[in-house]
Amino acid sequence: MRESESEREKDQERKRDRSRESEREQARERMRARESTRESGRERERERESEREREPKRGSESERANERAKESARE
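Just so you know, we're using my numbering here: the sequence shown kicks off at 1008 and counts up by one.
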């Protein structure tokens, strides 16, 4: 009788351990997903920033002409 009670207690403890480990793993997954989302947000921001840098400068025609002249002079 005692032996089976002891076995049942051990079984219960193993189940609790598995449950706790499962909860920890789920928490780690949520953290990874959150970090991934944050990283992809940063990546999108970097893409938008580089897109803005590639856009033609908005300004008067003479400013753009001056920019082109400077570019030509550098080459």
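Note that beta-carbon positions come from the ideal geometry of N, C-alpha and C, so glycine has one too.
query: What are the start and end residues of the alpha helix (DSSP H) that includes Glu1062?
result: Note, Glu1062: premise wrong, no alpha helix (DSSP H); not H, not E.
query: Expressed to the nearest angstrom, what Euclidean distance is found between the alpha-carbon atoms of Glu1056 and Arg1037?
result: 29 Å
query: Roughly how many angstroms lie between the CA atoms of Ala1080 and Ala1034, to the nearest whole one?
result: 58 Å
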